[in-house]
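Chains as they are written, first to last, in my numbering: chain A, 73 to 219; chain B, 21 to 453.
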Ligand SMILES: Nc1ncnc2c1ncn2[C@@H]1O[C@H](COP(=O)(O)OP(=O)(O)OP(=O)(O)O)[C@@H](O)[C@H]1O
Ligand code: SF4
Ligand SMILES: [Mg+2]
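Here's what the structure looks like:
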């Protein structure tokens, strides 16, 4: 279901930058609201974008988020250059985390990020190479109205 | 109310407005434009926060509250002041003196809201105990916060606690009691809130959670201030007479940010005050960042209602006065827990219905068109100088771009594009939001 109508934007994310962390997901939310995306879908994407952004900040050197808004779906891609994930099945398990003590003290590392992303997505793909980086692809379908 | 019932509580006095950009720049929802050298409020975007009123150097932004003549219509008039009023006249004046002065000013009865605050505290706790919906649960006290959530964070409407704030519950209770006690028909009783902000006017005229507000109007602290002060100055009132209402120290504490959560057994509760901090925290709630917080008290004004736009006293002095009163009246609980629990179970405190999301209009109702307009908007932003000067009549370049795609402005409104002598700032668009 490809359509020529697509709004796209790139958001860069810097690893280790806790000061600006969360800004990209905030911008994404504002774009979706302006386009008139349903509040509950904005909420789902807000959670997805925030968790994915934080994982890049925590576990990668740098990365970017790419937002594509189609009339019938939203596609979000997150790519990073970072440590990568050795065992994806394990990483997807709720509660699994490799976060250090310091990171846990900052309130992260519950091991709920990836499971939450998956839960809120209609389509969820993850690929990763150790030492290279990780890529996520998320799709949320928009209901037919206003197509 | 017999008089006009405006959807909003703020208007522009065109005679006084000179068309500077102060209010337009201060507006958090970008609801103001300058057209024909006058400020114009786009009411669909206004949340009645009163920021414009605070910053206007020309007093050209006027709050709308109930006219005193409209109060006179009622046969039996009751004043229900916000506890903030107690902080406005220095630290030597006691709440009962202020209440008495209000009575002398023509009210048949005055009532201290503070004791109801204590009841609401218990009701909130009951709700948190038995309800396990997603956290944090957000306070319903500040009408601007409720509107902000409806407009900017519609998905958070479900987080608002479905319990009416003290002013409404106090009025509900009073009307029933007085009507029975004095044998006066309920509609002949006028209950008037004495308010630190005009936003309450909107929640009275157009309540979001019930058919009709229990209050009949609101007078601002600002407009009654001089009269009360003069009367207080003129004669000292004997302390003996000050027993007619029981004043609650816990309740008075509600006027300071944190007052709502101080008594809660849930210590993982948070209190936020101030416009920008409130927006930031709601953004965090929306990202799912604050699930571990139980209860979130948000007040739009700096230092909460003590910093309300229609107060008179400096908010820091006011806070000191309130702290002193809390010490005087103590933290002793005065309400009967079992009685409140029963009222809670009878839904005495409950909303009639939940807060409905009211998001801003999208760029277009048709999603494909909205996407195209969004793309166009980004293209226009690239053409604009990015210095947010406001001369075009929009608060910043991004908003002008939005106005253009909505058909409400034109590219030639930007004076930099017409003079061609500008250089686009390299890092425009990288700033926050
Ligand atoms: N982008 C990434 N690059 C490298 N490793 C990652 C990345 N994202 C997740 N991981 C690994 O997967 C684990 C689980 O991730 P997840 O987001 O579910 O939990 P968390 O980040 O540890 O904790 P939380 O998200 O609850 O704060 C992480 O601890 C980390 O080892
Ligand atoms: S914080 Fe208090 S004074 Fe300020 S708008 Fe909200 S209710 Fe009114
Ligand atoms: Mg994570």
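Cβ atoms here follow ideal geometry from the backbone N, Cα and C, with glycine treated the same way.
In this text the structure is predicted, and so the values were computed from the model without any measurement.
At a CB-CB cut-off below 7 angstroms, which residues of chain A make contact with residue i?
i             : result
residue 6/B   : Given a span of 21 to 453 for chain B in the structure shown, any question on residue 6/B remains unanswerable.
residue 429/B : Going along chain A, no residue has its Cβ under 7 angstroms from residue 429/B, so there is no contact; the nearest lies around 16 angstroms.
Can you pull the DSSP bridge partners for residue i?
i             : result
residue 153/A : 134/A, 205/A
residue 318/B : 292/B
residue 213/A : 145/A
residue 370/B : 183/B
residue 53/B  : 60/B
residue 213/B : 100/B, 238/B
residue 197/A : 209/A
residue 129/B : 98/B
residue 81/A  : 139/A
residue 31/B  : 82/B
residue 178/B : According to DSSP, which records beta bridges pairwise, residue 178/B is partnered with nothing at all.
residue 158/B : 180/B, 316/B
residue 256/B : Note: residue 256/B sits in no beta bridge, so no partner.
residue 200/B : In the DSSP output, where bridge partners are listed per residue, residue 200/B has none listed.
residue 309/B : None, per the DSSP bridge assignment.
I'd like to confirm something about residue i: is its beta-carbon nearer than 8 angstroms to some heavy atom of ligand 3, or not?
i             : result
residue 158/A : no
residue 192/A : no
residue 127/A : yes
residue 184/A : yes
residue 123/A : yes
residue 127/B : no
residue 180/A : yes
Within the present structure, is the beta-carbon of residue i separated from the nearest heavy atom of ligand 1 by less than 8 angstroms?
i             : result
residue 75/B  : no
residue 131/A : yes
residue 153/B : no
residue 142/A : no
residue 388/B : no
residue 187/A : yes
residue 69/A  : Outside the modelled stretch of chain A, which goes from 73 to 219, sits residue 69/A, for which no answer is possible.
residue 312/B : no
residue 80/A  : no
residue 152/A : yes
residue 308/B : no
residue 93/A  : no
Can you tell me whether residue i sits near ligand 2, meaning its C-beta is under 8 angstroms from at least one heavy atom of the ligand?
i             : result
residue 238/B : no
residue 319/B : yes
residue 219/B : yes
residue 324/B : yes
residue 104/B : yes
residue 327/B : yes
residue 216/B : yes
residue 351/B : no
residue 107/B : no
residue 137/B : no
What does residue i reach in chain A if we use C-beta pairs closer than 8 angstroms?
i             : result
residue 378/B : None at all; the shortest Cβ gap to chain A is about 10 angstroms.
Under 8 angstroms between beta-carbons, which chain B residues line up against residue i? List them in chain order, please.
i             : result
residue 103/A : 394
residue 78/A  : 391
residue 169/A : Under the 8 angstroms cutoff, chain B gives no residues; its nearest Cβ is about 16 angstroms from residue 169/A.
residue 97/A  : 307
Just the chain B side, please: which residues come within less than 7 angstroms of residue i by C-beta, in chain order?
i             : result
residue 200/A : Near residue 200/A there are no residues of chain B at all, since even the closest Cβ is about 23 angstroms away, more than 7 angstroms.
residue 94/A  : 307
Which bits of chain B does residue i rub up against, with CB to CB less than 9 angstroms?
i             : result
residue 209/A : Near residue 209/A there are no residues of chain B at all, since even the closest Cβ is about 20 angstroms away, more than 9 angstroms.
Using a C-beta to C-beta distance shorter than 8 angstroms, which residues of chain D count as neighbours of residue i?
i             : result
residue 107/A : The chain inventory of the structure shown lacks chain D, comprising the protein chains A and B.
Original post:
If you measure beta-carbon to beta-carbon, which residues of the stretch 303-320 of chain B are closer than 9 angstroms to chain A?
Top reply: 303, 304, 306, 307, 308, 309, 312
Subject >> Contact list for the stretch 111-139 of chain A against chain B, Cβ threshold 7 angstroms >> reply: 111, 112, 114, 115, 118, 119, 122
Original post:
Just by C-beta distance, which residues in the stretch 381-398 of chain B are closer than 9 angstroms to chain A?
Top reply: 381, 382, 383, 384, 385, 386, 387, 388, 389, 390, 391, 392, 393, 394, 395, 397, 398
Subject >> Ordered list of alpha helix (DSSP H) runs contained in the stretch 379-423 of chain B, each at least 4 residues >> reply: 387-403
Original post:
Quick one, which residues of the stretch 146-158 of chain B are near chain A if we go by CB-CB under 9 angstroms, in chain order?
Top reply: none
Subject >> Interfacial residues, the stretch 169-192 of chain B to chain A, with Cβ spacing under 7 angstroms >> reply: 174, 175
Subject >> Interface positions of the stretch 138-164 of chain A facing chain B (Cβ-Cβ less than 9 angstroms), listed along the chain >> reply: Against chain B - using a Cβ distance shorter than 9 angstroms - the residues of the stretch 138-164 of chain A are 141, 142, 143, 144.
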